[in-house]
Amino acid sequence: MSLSIYFNNPEFRKNLWLEFSVARLILMPVILGAVFLTAYLAADGYVDGLETLRRTAMVLFGAIAGIWGCKLASEAVVSEFNDRTWESQRMTSLGPWEMTVGKLLGPTSYAWYGGILCIAVYTGISFFRPQTGRHLMSAAVMVLAALLIQALALLLSLARLRRQSSGEKVSATPFFLMGLFIMIFVLPKLFPWIMDSEEQVAWFRFTASAANFSLFSLLFFLAWALAGIHRNLRAEFGLENGPWAWILFLTTIMAYYGGFTAGINGVDNGQRITIGCYIAFAIGLGFTYLMAFTEPKNPVDYRSLLEAAKVRDIEAVGRRLPLWSLSLLITILLYILIFFLSFVIGGLPRLDDEFAVTALYLLSILGFACRDISLLLWVNLKSGSARADAAALVYLMILYGLIPALLWAAGADSLLPVFLPVLDRPPALGAIPVLAQFFLVFILLIRCARRKLAPPAS
Numbered sequence: 001m002s003l004s005i006y007f008n009n010p011e012f013r014k015n016l017w018l019e020f021s022v023a024r025l026i027l028m029p030v031i032l033g034a035v036f037l038t039a040y041l042a043a044d045g046y047v048d049g050l051e052t053l054r055r056t057a058m059v060l061f062g063a064i065a066g067i068w069g070c071k072l073a074s075e076a077v078v079s080e081f082n083d084r085t086w087e088s089q090r091m092t093s094l095g096p097w098e099m100t101v102g103k104l105l106g107p108t109s110y111a112w113y114g115g116i117l118c119i120a121v122y123t124g125i126s127f128f129r130p131q132t133g134r135h136l137m138s139a140a141v142m143v144l145a146a147l148l149i150q151a152l153a154l155l156l157s158l159a160r161l162r163r164q165s166s167g168e169k170v171s172a173t174p175f176f177l178m179g180l181f182i183m184i185f186v187l188p189k190l191f192p193w194i195m196d197s198e199e200q201v202a203w204f205r206f207t208a209s210a211a212n213f214s215l216f217s218l219l220f221f222l223a224w225a226l227a228g229i230h231r232n233l234r235a236e237f238g239l240e241n242g243p244w245a246w247i248l249f250l251t252t253i254m255a256y257y258g259g260f261t262a263g264i265n266g267v268d269n270g271q272r273i274t275i276g277c278y279i280a281f282a283i284g285l286g287f288t289y290l291m292a293f294t295e296p297k298n299p300v301d302y303r304s305l306l307e308a309a310k311v312r313d314i315e316a317v318g319r320r321l322p323l324w325s326l327s328l329l330i331t332i333l334l335y336i337l338i339f340f341l342s343f344v345i346g347g348l349p350r351l352d353d354e355f356a357v358t359a360l361y362l363l364s365i366l367g368f369a370c371r372d373i374s375l376l377l378w379v380n381l382k383s384g385s386a387r388a389d390a391a392a393l394v395y396l397m398i399l400y401g402l403i404p405a406l407l408w409a410a411g412a413d414s415l416l417p418v419f420l421p422v423l424d425r426p427p428a429l430g431a432i433p434v435l436a437q438f439f440l441v442f443i444l445l446i447r448c449a450r451r452k453l454a455p456p457a458s
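The working numbering numbers the first residue of the sequence shown as 1 and each following residue consecutively.
In structure tokens, the structure reads:
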């Protein structure tokens, strides 16, 4: 299928007409040209001038395509929602992929116009500088990083709209700030080697240069960000999503980070497998909490899920399962795997005589997670308020913060494992009480669900 089908669509063309005019087409290169000329004239000599131009182009690209582009992407759908035109957008004949292209690249097209001019200057100067290949690779990394930040900002805004009632307006600022935070703080931590082509990265049984692995990593995360936008747009269009895309996403994310265990020195292959499973367990647990708090918790959706389960429609159940439940199921399966590996391979290397992470500690952590999710669902079903998630978060802050602080101040720190996954205490002391807490909250949840999710009387 030709790519022109996706790029040559009414939504993309509409945004191009809105973003571009003759004046704006002229204004961008004029302003950039003036900045580049000033930077070159301020430099000391020809060689220093070229290096100054290259660095200026890199900074300008980050500001225009990265920061400004992130802002425009965060507003792409939010502005339509606030202007009450999003409903008409959802009723168009465009498919999710066409809308993905239209909303991601359309509103940001003018920022990309300036960004491409900066990259052109950066690339051109790279041919006159030492290590040309390294600079060209850096240019590709910058383009992909900017596109990833914009895609994440759009994805976050779409995820928020799914929880928003039609009568309230949404601010795009939080999504812009989150995208900016990821660009400034998260990406450099995820890819600390991104500008250092001399470093070698060990991943599974492969060893690649830092630059090549950075490109692979950015493409990997960008592909999943686009898939996330597509999935959310499908939901906005009233289409159901199956469970397999999320399962594939979660397993590939786990595999991606698990592959870095190849670079750990001083451990054998069995311990690397164990560490990789612990990493996967942490990722699964993190996404369980993330999706539990960010997904809509509509009683109608849960009632539909229960009805599909009653008639044993497995395909319908898979389509209607919330993503947090899939994440939790994968995490539980990982715990079972870790439990058996602890007998076959052994646990993690001991840090000292009193501290070691074992499968029983993970059971305690898993018990806390099940308790927290049950509490979150119970609060949502019981109150039905839009602020139920915030109320549940307050309860969790009391359970994890206030009560342990009071126990510590009272000198009853032996009771801390009841409220915190403390790793330097006997694991049974934490696992048994938290499983009892989960059982209690789960009973409250079941009773509330029977009342709230019962079929309406005819």
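A virtual CB, placed ideally from N, CA and C, is assigned to each residue, including glycine.
This one's a predicted model, so the numbers in the text were calculated from it and none came from an experiment.
The shortest C-alpha to C-alpha distance from residue 147 to any of 368, 207, 61 and 174 is the one to 61. Excluding residues up to 5 positions away in sequence, 227 and 231 lie with their Cβ nearer than 7 angstroms to the Cβ of residue 245 in the same chain. A distance below 8 angstroms separates the beta carbons of residue 152 and residue 182.
Collapsing the DSSP output to three states places residue 206 in a strand. Every alpha helix (DSSP H) of 4 residues or more that sits fully in the segment 415 to 455 is shown, in chain order, as 427 to 452.
By the neighbour-count criterion, in which a residue is buried when 16 or more other Cβ atoms sit within 10 angstroms of its Cβ, residue 46 is exposed. Rounded to the nearest whole angstrom, the CA to CA distance from residue 421 to residue 364 is 6 angstroms. CA-CA distance, residue 199 to residue 143, rounds to 21 angstroms. By the 16-neighbour rule on beta-carbons within 10 angstroms, residue 150 is buried.
Around the CB of residue 454, fewer than 16 other CB atoms lie within 10 Å, so the residue is classed as exposed. Nearest C-alpha to residue 163 among 295, 135 and 125: 295.
8 angstroms or more divides the Cβ of residue 259 from the Cβ of residue 324. Rounded to the nearest angstrom, the gap between the Cα atoms of residue 274 and residue 249 is 21 angstroms. Using a 10 angstroms sphere on the CB of residue 369, the tally of other CB atoms reaches 16 or more, which defines it as buried. Here the alpha carbon of residue 342 sits roughly 7 angstroms from the alpha carbon of residue 359. Under the DSSP assignment, residue 85 falls outside any alpha helix (DSSP H); it carries neither an H nor an E label. For residue 55, the uninterrupted alpha helix (DSSP H) segment begins and ends at 46 to 61. Between residue 312 and residue 59, the alpha-carbon positions lie close to 57 angstroms from each other. Annotation: the continuous alpha helix (DSSP H) that includes residue 271 extends over 269 to 294. When rounded, the separation of the alpha-carbon atoms in residue 19 and residue 89 is 18 angstroms. Exclusion of the five residues before and after residue 362 leaves 281, 335 and 338 as the residues of its chain whose Cβ lies within less than 7 angstroms of its Cβ. In the same chain as residue 380, and ignoring 5 residues on each side of it, the C-beta atoms closer than 8 angstroms to its own belong to 297, 388, 389 and 392, in chain order. Following the DSSP letters along the chain, one finds residue 400 in no alpha helix (DSSP H), marked with neither H nor E.
Rounded to whole angstroms, the Cβ separation of residue 237 and residue 96 is 6 angstroms, and the two are in contact under 8 angstroms. C-alpha of residue 293 to C-alpha of residue 155: approximately 16 angstroms in a straight line. It is roughly 29 angstroms from the alpha-carbon of residue 283 to the alpha-carbon of residue 171.
Residue 131 sits in coil when the DSSP states are folded into three classes, being neither helix nor strand.
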